[in-house]
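Asks: Protein chains in written order, with my numbering: chain E, -4 to 341; chain G, -4 to 341; chain S, -4 to 341. A virtual CB, placed ideally from N, CA and C, is assigned to each residue, including glycine. Here the structure is a predicted model, which is why all the values come from computation and not from measurement. Quick one: structure below, then a few questions.
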Amino acid sequence: MKSYRLAEIAQQLGLVLVGDAEQVIHGIAPLETAVAGEISFLADSKLVKALADSQASAFIVKPDHTIAKANYLLSDNPYLSFAQLSALFNDAPQALAGIHASAVIAKSASIGANASIAANVVIGEHVVIGNNCIIEANTVISDRCVLGDNNHLHANVTLYHNVIIGDDANIHSGTVLGSDGFGFAPSSAQYKWQKIYQLGGVRIGNNVEIGANTCIDRGALADTIIHDGVIIDNLVHIAHNCEIGKNTAIAACVGVAGSVNIGENCTFAGKVGVNGHITIADNSHFAGMTVVTGNVKEPGTYATGTAMMPIKAWRKSAVRFTQLDKMHDRVKKLEKILEENSSLSE
Amino acid sequence: MKSYRLAEIAQQLGLVLVGDAEQVIHGIAPLETAVAGEISFLADSKLVKALADSQASAFIVKPDHTIAKANYLLSDNPYLSFAQLSALFNDAPQALAGIHASAVIAKSASIGANASIAANVVIGEHVVIGNNCIIEANTVISDRCVLGDNNHLHANVTLYHNVIIGDDANIHSGTVLGSDGFGFAPSSAQYKWQKIYQLGGVRIGNNVEIGANTCIDRGALADTIIHDGVIIDNLVHIAHNCEIGKNTAIAACVGVAGSVNIGENCTFAGKVGVNGHITIADNSHFAGMTVVTGNVKEPGTYATGTAMMPIKAWRKSAVRFTQLDKMHDRVKKLEKILEENSSLSE
Amino acid sequence: MKSYRLAEIAQQLGLVLVGDAEQVIHGIAPLETAVAGEISFLADSKLVKALADSQASAFIVKPDHTIAKANYLLSDNPYLSFAQLSALFNDAPQALAGIHASAVIAKSASIGANASIAANVVIGEHVVIGNNCIIEANTVISDRCVLGDNNHLHANVTLYHNVIIGDDANIHSGTVLGSDGFGFAPSSAQYKWQKIYQLGGVRIGNNVEIGANTCIDRGALADTIIHDGVIIDNLVHIAHNCEIGKNTAIAACVGVAGSVNIGENCTFAGKVGVNGHITIADNSHFAGMTVVTGNVKEPGTYATGTAMMPIKAWRKSAVRFTQLDKMHDRVKKLEKILEENSSLSE
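So this is what it looks like as structure tokens:
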């Protein structure tokens, strides 16, 4: 278990310390569950009461939130400081530089300095792996992929050929980059669907995070493009020829159909579905399970669907939904009758 | 192909046999398709007609459902007896105890008695694997994982570090346990999303089944917890810091956002989505593709969405949905007019 | 980079060439982005203007779409011809016949002529692999699977035991075939869910394509069946005992519950969910994210859900949805009042 003096933490995060610089901190915890020796943070001013009650030995707070009893690190953005702090307590195993004897690496591949290539990794012809990359066990990198520096591919990742990744990507297990886009031309042959070979690749920018068991397909003719700073969660599907703008965030189980152009700084909550061949403006946001049916020209927050109901009541509403156009006509007819009897109108 | 005398089956299942104890049974089939030499079962009393017509050589039935012609095993719960019987006819390959020469196992790892470690398995530092565990080919178990006895990890599973599993789990291929939760703090830096390192782990109880290509993320500070007896299907996403109560069942393609607390004995049909930071009572049930938008305090069955319609009619209802609030106001106005003309009211 | 004279392309595709047979073509591009040396195609007659403006050196067009300036290949179905052409420019790495030294292959397995078995592939007992199959790195094929000729399994695929595949399948990375169906009988035991061992297998026809990280479960008693010419995208779930008819197309993130019988030539857009134990007629089509709640007896196109709205307006409609049955009753009451005051009716 890692531990730091509070002064060390303050220095690492560049924060002003108020209180006992020698206090030893061995973990981070929420206000409610923190115990002595832990540090907590006040990210939401509604939790000031919890701050007063917390047993933590130190707190990251805004300068106006200190209270008498404890040790503080002062931050204009305590949640961001907490995020930075989390790196100090990360106890994930440290990969050792070097190539495991069981890795199978093509002679034409180039592996950067201090790279860590784990057991049973397979690396194809003409692959370029930058410096300080970590490739975990049983990951497969096919021919002609090019990875920049400081990329971390967890275990059991698959990169098809011609996947290009910038620097500082973090790609989780089971994820597949560069699989064929779902492109077929209908024909009258016995097997109806004539495959369209997917000749494009996948290009991924810097500082991208991609969750577990996610799929990003290669382009049909041009590339599928993920720009710098994009973060993508687990079990996401990005179809061929999509382009995802800088710093956009995509939560788990989202599916994006082909040739969608998504702007910068968008957020997609879980399980959103996006129709193909549409364009989405910068700063657009989508509630969970929204069906994005067409172009989004105005930034804003969008939703589809219905509210959750007990199933018996829901069945009635669901039936009435199928009659909505008729109900509208009935209301219109009533309005007309009353209109024609003007003595009745307000 | 396995076969048993009916008497053996009766004895294994602890059921009373009526009929020919020497009848040889070589398979199980539904009433409609069973042939001579097979055993079937009557789980739904509406199928009594099918029982009479069935060609099976024996039947598992409730005591009051026997008919003259055949051999019976009497059970108070024929469907449960069928489930138990299925184990006798399971012809999945039997893993042999032992460690394949190609497995890569850290010296500090501990492997229990009679464990079966298949080809290309990679096991990290300080991992503990209990007795009788089966770890199939190309599975990766990272540092400091602890598995109890009788766990079965199928091929190509990935466990990140600090995943703790009880006894008797069955975890299917492609599943990833312990990937990073999707935690980021927004910042004003060039790359907007500051990663929150995920310091918690994953804890899984006894007798848990997890389907293929499912993801369960590690917790941010505390652990993600799956309690005893939980069953989870394929392509499910469980985000960081969720806690799933005992014997809850989660069907395929469900996504659960972060910090959700799910009670015991709940059932989630396929493709349900659950919003983050909510609590769901014991014995809550959700229809397929329900969006669980808030806390569920009362046990019951819930749904969202609309009924399926031909697309042309659906488009009309979908447009009317966007006008629903206005339609409500129009109805209200009509009511007011009639109210103010009281001679017209009923 | 591959290149062909236009005459070679015409000959390969069986198309009439109009123009310069010696024109060298080194790539395919859409009309708008094509440059000199590339070939394009006019699949949609609305794009005739783009054809006139395109910089491509040759075009695949219908015979009535040629314009003066360029070289043409004449096709009754330019999109289909484009699909066929894409194969000529496919630059995916060519697998070399042979078995990599690190592959682990059971002695009882049979490997066909010209098969390519890559690094760390694991093949179980009594497996049969046909001629010209390509099995990419780290894929696992369990006991008693039978694959016909010309199958391509990409990296990190998992086949459980008793998966039968015809000829010419293309199966993408991370996909799992034959995992256990989600079958459990409720019991009163401590661990409520008694596993039903899944005794069936998976049978896949000829010319099937299956995307990345998709799951097809084995049957409970009989097999799960995918017929000839079916195409399936990424992250799709097909539950136990489904049968999917010839040439049906299933887009990404679709989930099909157990024992569903889907006809031929159906199409499922992304994220559709299909309830269990239903039958779907040939030539049925489903819009994205449709919930298929019951049998589909008539061919046609179906949908569910609501249109996308700004979230504030959506919240109002969502609330009104929960009151729809009451709103219907209010309209009915108004109609009755007016009816009883017949002087007011039209």
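Quick check on Ile273/S: does DSSP put it in helix, strand or coil?
Replies: It is coil, neither helix nor strand.
Asks: Which of the residues in the stretch 189 to 206 of chain E, read from start to end, lie with their CB under 9 Å from any CB of chain S?
Replies: Here the close residues are Gln189, Lys190, Ile191, Tyr192, Gln193, Leu194.
Asks: When you compare only the Cα positions, how much space is there between Tyr192/G and Glu293/G?
Replies: In a straight line, the C-alpha of Tyr192/G is about 35 Å away from that of Glu293/G.
Asks: Looking at chain E, is there any beta carbon in it that lies within less than 7 Å of the beta carbon of Met303/G?
Replies: No, Met303/G lies away from the interface with chain E (no Cβ there is under 7 Å from its Cβ).
Asks: Is Asn229/E buried or exposed, if buried means 16 or more other CB atoms sit within 10 Å of its CB?
Replies: When all chains shown are included, Asn229/E counts as buried.
Asks: The beta strand (DSSP E) spanning Val314/E covers which residue range?
Replies: It is not in any beta strand (DSSP E) - Val314/E instead sits in the alpha helix (DSSP H) that spans 306 to 317.
Asks: Output, in sequence order along the chain, the residues in the stretch 118 to 131 of chain S whose CB is closer than 9 Å to any CB in chain G.
Replies: So the close ones are Gly119, Glu120.
Asks: In whole angstroms, what separates the C-alpha of Leu42/G from that of Glu3/G?
Replies: Cα to Cα, the separation comes out at about 26 Å.
Asks: Give me the DSSP bridge partner(s) of Gly250/G.
Replies: Answer is His232/G, Gly268/G, bridged to Gly250/G.
Asks: Going by DSSP in three states, Glu3/S sits in which element: helix, strand or coil?
Replies: DSSP places Glu3/S in helix when its eight states are reduced to three.
Asks: When the Cα atoms are used, what is the spatial distance from Val286/E to Ile136/S?
Replies: C-alpha separation (whole angstroms): 37 Å.
Asks: Please report the straight-line C-alpha distance between Glu341/E and Met322/G, rounded to a whole angstrom.
Replies: Unreliable positioning characterises Glu341/E in this predicted model, as indicated by a pLDDT of 48, which lies under 50. The coordinate reading is nonetheless provided below. If you take the alpha carbons of Glu341/E and Met322/G, they lie about 18 Å apart.
Asks: Taking Asn133/S as the reference, give the member of Val231/G, Glu204/G, Ser97/G with the closest Cα.
Replies: Cα-wise, what sits closest to Asn133/S is Ser97/G.
Asks: Anything in chain E within Cβ reach of Ile245/G, meaning under 8 Å, just list it in chain order.
Replies: Near Ile245/G there are no residues of chain E at all, since even the closest Cβ is about 13 Å away, more than 8 Å.
Asks: What are the residues of the stretch 230 to 255 of chain G that lie near chain S, defined by any Cβ-Cβ distance shorter than 7 Å?
Replies: For the stretch 230 to 255 of chain G, which is checked against every Cβ of chain S, the residues closer than 7 Å are Leu230, Asn242, Ala244, Ala246, Ala247, Cys248.
Asks: For Asn260/G and Thr274/G, which I take to be in contact (beta-carbon distance under 8 Å), what is that distance rounded to the nearest angstrom?
Replies: About 15 Å; that fails the 8 Å criterion.
Asks: So, is the C-beta of Phe54/G closer than 7 Å to a C-beta in chain E?
Replies: No, because no Cβ of chain E sits closer than 7 Å to the Cβ of Phe54/G.
Asks: Looking only at C-alpha atoms, which of Gln79/G, Tyr74/G, Ser81/G, Ser52/G sits nearest to Tyr67/G?
Replies: That would be Ser52/G, whose Cα lies nearest to the Cα of Tyr67/G.
Asks: Taking the alpha helix (DSSP H) that Glu43/G belongs to, which residues open and close that run?
Replies: Contrary to the premise, residue 43/G reads as Val rather than Glu in this sequence. Segment 43 to 48, the alpha helix (DSSP H) holding Val43/G.
Asks: Note down, one range per segment and in chain order, each beta strand (DSSP E) of at least 3 residues found wholly within the stretch 139 to 214 of chain E.
Replies: Counting whole runs of 3 or more residues, the stretch 139 to 214 of chain E contains the beta strand (DSSP E) stretches 158 to 160, 171 to 174, 179 to 181, 188 to 190, 197 to 199, 210 to 212.
Asks: For Leu216/G, does the count of other Cβ atoms within 10 angstroms reach 16, so buried, or fall short, so exposed?
Replies: Counting Cβ neighbours within 10 Å, Leu216/G comes out buried, since at least 16 surround it.
Asks: Indicate whether at least one CB of chain C lies closer than 7 Å to the CB of Thr317/S.
Replies: In the structure shown, chain C cannot be found, because the protein chains are E, G and S.
Asks: Would you say Thr61/G faces chain E, with C-beta separation under 7 Å as the test?
Replies: No - not a single Cβ of chain E is within 7 Å of the one on Thr61/G.
Asks: Taking Ser40/S as part of the alpha helix (DSSP H), name the residues at either end of that continuous run.
Replies: No alpha helix (DSSP H) holds Ser40/S; DSSP gives it neither H nor E.
Asks: Does the stretch 2 to 20 of chain G come within contact of the stretch 178 to 195 of chain S, defined as at least 3 CB pairs closer than 8 Å?
Replies: No: fewer than three Cβ pairs fall under 8 Å.
Asks: Spell out whether any CB of chain G is found under 7 Å from the CB atom of Phe177/E.
Replies: No - not a single Cβ of chain G is within 7 Å of the one on Phe177/E.
Asks: Under three-state DSSP, which class holds Ala282/E?
Replies: Residue state, collapsed to three classes: coil.
Asks: Report the partner residues of Leu91/S according to the DSSP bridge assignment.
Replies: Paired residue(s): none; Leu91/S is not in a bridge.
Asks: State the beta-bridge partners of Phe54/S as determined by DSSP.
Replies: Ser35/S, Tyr67/S.
Asks: At a Cβ threshold of 7 Å, is Arg213/E touching chain G?
Replies: Output row for Arg213/E: interface = no.
Asks: Of all the CB atoms in chain S, is at least one closer than 7 Å to the CB of Asp15/G?
Replies: Not one chain S Cβ lies under 7 Å of Asp15/G.
Asks: Nearest chain E C-beta to Val116/G closer than 7 Å, yes or no?
Replies: Cβ-Cβ to chain E under 7 Å: no for Val116/G.
Asks: Of all the CB atoms in chain S, is at least one closer than 7 Å to the CB of Val286/G?
Replies: No, its Cβ sits nowhere closer than 7 Å to a Cβ of chain S.
Asks: From Asn201/G to Ser168/S, what does the alpha carbon distance come to, in whole angstroms?
Replies: So the alpha carbons of these two residues sit roughly 31 Å apart.
Asks: What first and last residue would you give for the alpha helix (DSSP H) that runs through Ala114/S?
Replies: Where Ala114/S is concerned, there is no enclosing alpha helix (DSSP H), given that its DSSP letter is neither H nor E.
Asks: Roughly how many angstroms separate the alpha carbons of Ile257/G and Asn290/G, rounded to a whole number?
Replies: C-alpha separation (whole angstroms): 10 Å.
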